[in-house]
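Colleague: Residue numbers (this note's numbering): 1 to 299.
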Amino acid sequence: MKEKSTLQERMFNELSDPTLFQSAERYGLTYLSEVRERHVYPKEEDLQNLSCFAEPMPEQTGKAQDIIDQLHSVGAPATVAQIGGRYFGFVNGSVIPAGLAAKNLSIFWDQNTAMQVISPVCSKLEVVVQQWLSDLFGFPAGVVAGFVSGTSMANFCGLAAARYRLLKKQGWDISEQGMIGAPQLRIVTSKHAHSTIVKAISLLGFGKANIEWVDTDDQGRIIPESMPVLDSRTILILQAGNVNSGSFDPFYDVCGQAKKAGDWIHVDVAFGLWEGATQRLNHLTKGFEEADSWAVDGH
Ligand SMILES: Cc1ncc(COP(=O)(O)O)c(C=O)c1O
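1) Let me check you understand the geometry: is the CB of D268 closer than 6 Å to at least one non-hydrogen atom of ligand 1?
2) Just to confirm before moving on: does the CB-CB distance between V214 and S175 stay below 7 Å?
3) Is the closest heavy atom of ligand 1 to the C-beta of A150 under 6 Å?
4) Using 7 Å as the threshold, is the C-beta distance between L185 and L166 below it?
5) Hey, I265 and A291: beta-carbon distance below 7 Å or not?
6) Residue range of the alpha helix (DSSP H) that Q22 falls in?
7) Helix, strand or coil for F248, going by three-state DSSP, please let me know.
8) For the beta strand (DSSP E) containing L167, list its first residue and its last residue.
9) Do S106 and Q116 have their CB atoms nearer than 7 Å?
10) Would you mind reading off the limits of the alpha helix (DSSP H) that contains E212?
11) Does ligand 1 have a heavy atom nearer than 6 Å to the CB of T196?
12) Is the stretch 24-35 in contact with the stretch 47-61, if contact means three or more CB pairs nearer than 8 Å?
13) Per DSSP, which residues does A240 bridge with? Please list them.
14) Measuring only the C-alpha atoms, how far is S94 from S5?
15) What residue from A270, G181, L20 has the CA that sits closest to K63's CA?
16) Measure the C-alpha to C-alpha separation of Y164 and A261 and round it to an integer number of angstroms.
17) Run through the DSSP bridge pairs and tell me what S293 is partnered with.
18) The alpha helix (DSSP H) with S202 in it runs from where to where?
19) Report all residues from its chain with a CB closer than 7 Å to the CB of G150; omit the five preceding and five following residues, and keep chain order.
20) Inspect the CB distances between the stretch 229-248 and the stretch 270-277 and report whether three or more fall short of 8 Å.
21) Let me check one thing: in DSSP terms, what residues is R186 bridge-paired to?
22) For I96, does the three-state DSSP call read helix, strand or coil?
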């Protein structure tokens, strides 16, 4: 008991001493000032130095300042410089100054954003941003947003909603009755669907072997004439923004037919939806408002 109160006291002391947080901020600012000049990928020596983290689980709590110092001296050089402006690897984000500063502030708030009652401010901001995005992208009235970790999880959620709704229409409540014995649904998607779509399909129990693949052109766009006949048991998955070519599936040609058949249309628009917000490029997303779910990233 005594040991616990000593530890608690130490934690409270550290929390009320600004030095620790100031040093973390100073290190962060040093990183920012150097990131545009440094190598995008860590040097071999920096990768080797990571071995110093591989120590046995400490029996005593370490000093907070030592942990921050070590993260700065050994951890920072082994980061991938995503925000330096010369990173062209995966479709990872850069930073917006207000966003980075707000993130810094919010780590002190340490909120749980699950419900309004646990964090009124986070709920309010989500509701406001949901409306902004809906207006910006031209979504139909009544569209609601869920804020998740990224498009991988958004694809998973959109396809879970599709599974629920199409089975419900067949008189099968998946939440109650589960997958065993459920009516068979069809999954139709492009041969160039993103790997996270395939992962979501396998996690949701549809089975990758059951995917009906649609042929694409040399830019990875679905060829409308290659579409199978659709019906009300079908989840059609389209893409706006092919990760290799940037191309968009021809929503306009495909969505009308799918809607008539009673499909659920899900669109993976990880980065492509933002084109819908500009007059110069919004012809690319024409017809996508016919969809039932969209998965989009903030980056
Ligand atoms: C088309 C497409 N779908 C899904 C994803 C996965 O997004 P996230 O990394 O946000 O989970 C990406 C990532 O770049 C993507 O380009």
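Heads up, the beta-carbon is just placed ideally off N, CA and C, and yes, glycines get one too. This one's a predicted model, so the numbers in the text were calculated from it and none came from an experiment.
Modeller: Concretely, from the data shown:
1) Between ligand 1 and D268, a heavy atom-to-CB distance of less than 6 Å is present.
2) no
3) Note on residue identity: the sequence assigns Gly, not Ala, to residue 150. Checking the Cβ of G150 against ligand 1 gives yes.
4) With a cutoff of 7 Å on beta-carbon distance, L185 and L166 are scored as near each other.
5) Cβ distance < 7 Å, so I265 and A291 count as in contact.
6) Run containing Q22: 18-34, per the alpha helix (DSSP H) assignment.
7) Here F248 sits in strand by DSSP.
8) Not the beta strand (DSSP E): L167 falls in the alpha helix (DSSP H), residues 151-169.
9) no
10) Segment 211-214 is the beta strand (DSSP E) holding E212; no alpha helix (DSSP H) there.
11) yes
12) Per the Cβ contact rule, the stretch 24-35 is not in contact with the stretch 47-61 (fewer than 3 Cβ pairs under 8 Å).
13) F248
14) Rounded to the nearest whole angstrom, the CA to CA distance from S94 to S5 is 43 Å.
15) L20
16) Rounded to whole angstroms, Y164 and A261 show a C-alpha spacing of 18 Å.
17) The beta-bridge partner set that DSSP reports for S293 consists of H266.
18) 195-203
19) D297
20) With a cut-off of 8 Å, the stretch 270-277 and the stretch 229-248 count as touching, because enough Cβ pairs lie within range.
21) In DSSP, R186 forms a bridge with T234.
22) DSSP places I96 outside both helix and strand once states are collapsed to three, so it counts as coil.
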